[in-house]
Amino acid sequence: MPADVASTQAASPAQYGGRMRALALGAYAGIFYCFLYVPIILLAILSFNDSQTIGLPFRNFTLRWYSDVVNSPEILKSIVNSVLLGIVSASIATVLAVLLALGFRQEFRFKGLLMKIILLPILIPGIVGGVAELMFFGYGNIPFGVWTTALPVHVTWVLPFAFFTLFPRLHGLDRSLEEAAADLGARPFMVFRRIVFPLIKSGVVATAMFAFTLSFDEFIHTLFVIGSQRTVPVHLWTLLSDQMVPFLPAVGVVVMAVSMLVSLVGFAISARADSGSAQQSKTR
Amino acid sequence: MRATPVRRSWVDLRALLVLPAAVWLLIFAVAPLVMLATMSFWTSSIFGTTPDFTLDNYWVIAQNPIYLQVLLQTLRIAATVTLISLLISYPMAYFLTTLPEGKKAIFLVLLFLPFWTSFVVRSFVWLPMLGRNGLINLILIKLGVTSQPLEWLIYNEGATHLGLVYVYTLFMILPVYLSLERLDPKLIEAATDLGAGPVRTFLRVTLPLSMPGVLSGCVMVFLLGCGAYVTPQLLGGTSGMMFGNVIAPQYTVTNNWALGAALSVLLIFVIFVCLVLFGRRVRLNDIFLKV
């Protein structure tokens, strides 16, 4: 069969080409990951470098920059501020986002307009949002600080992201369960507590953690509304603009470690939730 | 018959659940922007900013060529950063789709991890890379390429580009990856069976079908690039300055709030025009609900 012979002959160079392409693609990915990680690893290495200037060569291993970080009351205060602010703003934003997502399952007037308003905090360039909030609170004579101005700003910043992570989960829920419960006489709050919430619980937790990291890392809006108080990124920024203090890499590593850790846990929770619901729908 | 009206009112009430968030956003997101737009017509002096209706702020911007120049530079940098991100992200997104499920999850997490940290830190990591005592200079000296550390690696437009690509490229990879994931592998098989080579299959099937993701990514990166402040401030020096670095000093240095407001309005307006011109085919809702 000549056709068969031709096809086997054609297959091997094609397979060879395919393998070469896969190899090239893998090598490219390797370079890409290096691009992502080399600067971060370098920063981590430099945080242990016993040198007054930030940079190479690596002289001696030291932990003193970390002890400087731990012993600096300003840094500790800013970490406390950031963590508390993150927890409170993530909680408020998540509650608002759950309500919003529940309401968004209904059709109502101005839904399209509301969608655009939800997108606003994401679409407006950070610096413009920051100065707008600065003038807004400034003219409202609200004293600048972590709880007076930074909190509402953080909630506003986090809310759209929380909504967009939650909404697909809520939207995909099988409505018949709720309808059944309602037909059996459960009041709306009871339906939410006993049916909806258990189904979206891990999604809500994951969203809250995602919201926490967004708040913890928020910089540009906070810079303009925080007044004389400090969150970690704002403090890092003032350290960067004042002078290159030698413990900067250590501060950077601490900040990175906190947000990466919280994000990883949040990611793991949401991944487990997703695989759980996938299994549920398979067995159903 | 009696159950229906009860059910209906219950359903209508549930739409009211959007109210807390809607009111919140009206107060803290919409009102400040309305205030910003209003204030761009006010007058700032050393005594503060007073209500007025004047176009003076816009006139100042029009008369001083530096503003227009930085605005154009900002659009240009945002556009090249978008292009570079697209070129380096597409193969990466493609690579991710070729992985088996288990590995895919690991590589995705590895990809996300650096982006889960503050972008102040993510911009700052390039200082010890590009600086005088940086890694690049050390390598170049060790290799004998140069005997003195190179000073031009940082504090210029190139460093701004590099930093912005580094900081925002995930926003390109993600939508491209998602659109490639949705692509039906049967289409590619069909193209191959019909005799199309890999290049032709890519150009005629894969690429056109991933266009929605490409467009979403481009819009996101361009938007973020236009509003950049931190990265150019840390890495760009004077030549790598962007529009954000012109707005901020109106608040931190000269206290000219009215001029700052006018500059901000101009930036939003220009970004909006760019989006209408180039991104008409992208529906923003799609970007966010699918990603």
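Protein chains in written order, with my numbering: chain A, 1 to 284; chain B, 1001 to 1291.
Ideal placement from N, C-alpha and C gives every residue a C-beta, glycine not left out.
- So B:V1205 packs on B:L1178, CB below 8 Å; how close in whole Å? Counting from 1 along the second sequence, the entry for residue 1205 of chain B is found at position 205. Counting from 1 along the second sequence, the entry for residue 1178 of chain B is found at position 178. That belief does not hold up - the Cβ atoms of B:V1205 and B:L1178 are roughly 17 Å apart, past 8 Å.
- Within 10 angstroms of the Cβ of A:E74, are there 16 or more other Cβ atoms? Answer buried if so, exposed if not. Position 74 of the first sequence, counted from the first residue, corresponds to residue 74 of chain A. Label assigned to A:E74: exposed.
- Query: Once you ignore the five residues that flank A:I226 on each side, which residues in its own chain have a CB closer than 6 Å to its CB?
  - Reply: In the first sequence, the residue the question calls residue 226 of chain A occupies position 226. Only A150 and V234 meet the Cβ criterion.
- Tell me, please, whether the CB atom of A:T8 is closer than 8 Å to any CB atom in chain B? Locating residue 8 of chain A in the first sequence gives position 8, where the first residue counts as 1. The pLDDT assigned to A:T8 is 47, lower than 50, so where the model puts this residue is not dependable, and the model offers no usable value.
- Message: Nearest by alpha-carbon distance to B:M1039: which of B:I1046, B:G1131 and B:T1050 is it?
- Response: Here residue 1039 of chain B is taken as the residue at index 39 of the second sequence, counted from 1. Residue B:T1050 is the option with its Cα nearest to B:M1039.
- Message: Given this structure, state the Cα-to-Cα distance separating B:L1234 from B:L1127, to the nearest angstrom.
- Response: Taking the second sequence and counting its residues from 1, the one referred to as residue 1234 of chain B is at position 234. Taking the second sequence and counting its residues from 1, the one referred to as residue 1127 of chain B is at position 127. Taking the straight line joining both Cα atoms gives about 8 Å.
- Item | Continuous alpha helix (DSSP H) stretch holding B:G1102: start and end | Start at 1 with the first residue of the second sequence, and residue 1102 of chain B comes out as number 102. Element bounds for B:G1102: E1101 to F1112.
- Are the C-beta of B:W1126 and some C-beta of chain A separated by less than 8 Å? Sequence index remark: in the second sequence, residue 1126 of chain B carries index 126 (1-based). Output row for B:W1126: interface = yes.
- Task: Pick helix, strand or coil for A:F58, following the three-state DSSP scheme.
- Result: The residue you call residue 58 of chain A lines up with position 58 of the first sequence. It is coil, neither helix nor strand.
- Query: Using 8 Å as the limit for Cβ to Cβ distance, is A:Y16 near chain B?
  - Reply: What you label residue 16 of chain A is simply residue 16 of the first sequence in a count that begins at 1. A:Y16 does not count as touching chain B.
- Query: How far does the alpha helix (DSSP H) with B:S1044 in it reach, from first residue to last?
  - Reply: Against the second sequence, residue 1044 of chain B aligns to sequence position 44. Per DSSP, B:S1044 belongs to no alpha helix (DSSP H); it is in the beta strand (DSSP E), T1043 to S1045.
- Contact list for the stretch 28–50 of chain A against chain B, Cβ threshold 8 Å: Residues passing the 8 Å Cβ filter: Y28, A29, F32, Y33, F35, L36, Y37, V38, P39, I40, L42, L43 and L46.
- Using the C-alpha atoms, what's the distance from A:G203 back to B:L1289? Within the second sequence, the letter at position 289 stands for residue 1289 of chain B. Within the first sequence, the letter at position 203 stands for residue 203 of chain A. Confidence in B:L1289 is poor, its pLDDT being 49 and thus under 50, which makes the residue's placement too unreliable to answer from.
- Message: At the level of alpha carbons, what is the spacing between B:R1132 and A:I54?
- Response: Along the second sequence, read from residue 1 onward, the residue named residue 1132 of chain B stands at position 132. Along the first sequence, read from residue 1 onward, the residue named residue 54 of chain A stands at position 54. Approximately 10 Å, taken between the alpha carbons.
- Message: Give me the residue from B:A1015, B:V1230 and B:M1220 with the minimum Cα distance to A:F110.
- Response: For the purposes of this step, residue 110 of chain A is taken as residue 110 along the first sequence, with counting starting at 1. Comparing Cα-Cα distances from A:F110 to each of B:A1015, B:V1230 and B:M1220, the minimum goes to B:A1015.
- Query: Taking buried to mean at least 16 other C-beta atoms within 10 Å of its own C-beta, is A:S176 buried or exposed?
  - Reply: Counted from its first residue, the first sequence places residue 176 of chain A at position 176. That one is exposed.
- Could you give the DSSP three-state label for B:V1291: helix, strand or coil? The count along the second sequence starts at 1 and reaches residue 1291 of chain B at position 291. In this prediction, B:V1291 has a pLDDT of 40, which is less than 50 and means its spatial position is unreliable; what the coordinates show is noted afterwards. DSSP places B:V1291 in coil when its eight states are reduced to three.
- Query: Is it true that the CB of B:V1081 sits closer than 8 Å to the CB of B:V1265?
  - Reply: Position 265 of the second sequence holds residue 1265 of chain B. Position 81 of the second sequence holds residue 1081 of chain B. Their beta carbons are not under 8 Å apart, which means B:V1265 does not touch B:V1081 by this criterion.
- Item | chain A residues whose Cβ lies nearer than 7 Å to that of B:S1118 | Translated into positions along the second sequence, residue 1118 of chain B becomes position 118. By Cβ distance, chain A contributes D217, F219, P233, V255 and S259.
- Task: Taking C-beta pairs closer than 7 Å, name the residues in chain A that B:G1260 reaches, listed in chain order.
- Result: Residue numbering aside, residue 1260 of chain B sits at position 260 when the second sequence is read from its first letter. Chain A residues near B:G1260: V131.
- Item | Residues of the stretch 1153–1170 of chain B with Cβ closer than 8 Å to any Cβ of chain A, in chain order | Y1166
- Which value, in whole angstroms, describes the spacing of the CA atoms of A:L76 and A:V70? As a first step, residue 76 of chain A is located in the first sequence; it is residue number 76 there, counting from the start. As a first step, residue 70 of chain A is located in the first sequence; it is residue number 70 there, counting from the start. Cα to Cα, the separation comes out at about 7 Å.
- Item | Beta carbon of A:L134 nearer than 8 Å to that of A:F224 | The residue labelled residue 134 of chain A in the question sits at position 134 within the first sequence. The residue labelled residue 224 of chain A in the question sits at position 224 within the first sequence. Yes; because the gap between Cβ atoms is below 8 Å, this pair is in contact.
- Counted within 10 angstroms of its Cβ, other Cβ atoms place A:H171 as buried (16 or more) or exposed: One-based indexing of the first sequence puts residue 171 of chain A at position 171. By the 10 Å Cβ count, A:H171 comes out exposed.
- chain B partners of A:P143, CB-CB under 7 Å? Taking the first residue of the first sequence as position 1, residue 143 of chain A is located at position 143. Residues of chain B passing the Cβ test: none, with the nearest at roughly 16 Å.
- Query: Which word fits B:I1027, buried or exposed, when buried means at least 16 other C-beta atoms lie within 10 angstroms of its C-beta?
  - Reply: Taking the first residue of the second sequence as position 1, residue 1027 of chain B is located at position 27. The residue is exposed, with fewer than 16 neighbouring Cβ atoms inside 10 Å.
- Message: Determine whether the beta carbon atoms of B:G1227 and A:P57 lie at a separation below 8 Å.
- Response: Within the second sequence, residue 1227 of chain B is the residue found at index 227, counting from 1. Within the first sequence, residue 57 of chain A is the residue found at index 57, counting from 1. Contact: no.
- Task: For my contact list, B:Q1250 and B:L1263 are in at a C-beta cut-off of 8 Å; report their separation, rounded to the angstrom.
- Result: On the second sequence, position 250 is the one that residue 1250 of chain B refers to. On the second sequence, position 263 is the one that residue 1263 of chain B refers to. Rounded, the Cβ-Cβ distance is 7 Å, consistent with contact.
- Query: When burial is assigned at 16 or more other CB atoms within 10 Å of the CB, is B:C1218 buried or exposed?
  - Reply: Here residue 1218 of chain B is taken as the residue at index 218 of the second sequence, counted from 1. Label assigned to B:C1218: buried.
- Message: Please tell me whether B:V1070 and B:F1243 are closer than 8 Å, where the distance is taken between their beta carbons.
- Response: Mapped onto the second sequence, residue 1070 of chain B falls at position 70. Mapped onto the second sequence, residue 1243 of chain B falls at position 243. Yes. Within cutoff.
- Query: In whole angstroms, what separates the C-alpha of B:L1017 from that of A:L264?
  - Reply: Locating residue 1017 of chain B in the second sequence gives position 17, counting from the first residue. Locating residue 264 of chain A in the first sequence gives position 264, counting from the first residue. Each residue's alpha carbon lies about 31 Å from the other.
- Which partner residues of B:T1049 appear in the DSSP bridge assignment? Translated into the one-based positions of the second sequence, residue 1049 of chain B becomes position 49. DSSP lists B:S1044 as partners of B:T1049.
- Task: State the Cα-Cα distance for the pair A:G266 and A:S259, rounded to the nearest angstrom.
- Result: Numbered from 1 along the first sequence, position 266 holds the residue referred to as residue 266 of chain A. Numbered from 1 along the first sequence, position 259 holds the residue referred to as residue 259 of chain A. Here the C-alpha atom of A:G266 lies approximately 10 Å from the C-alpha atom of A:S259.
- Task: Reducing DSSP to helix, strand and coil, say where A:N49 ends up.
- Result: One-based indexing of the first sequence puts residue 49 of chain A at position 49. Reduced to three states, the DSSP call for A:N49 is strand.
- Query: Between the stretch 1200–1221 of chain B and chain A, which residues of the former have CB atoms less than 8 Å from a CB of the latter, in chain order?
  - Reply: Flagged: no residues at all.
- A:I285 CB to nearest chain B CB: under 8 Å? A query on residue 285 of chain A cannot be resolved here, the shown segment of chain A reaching from 1 to 284 and no further.
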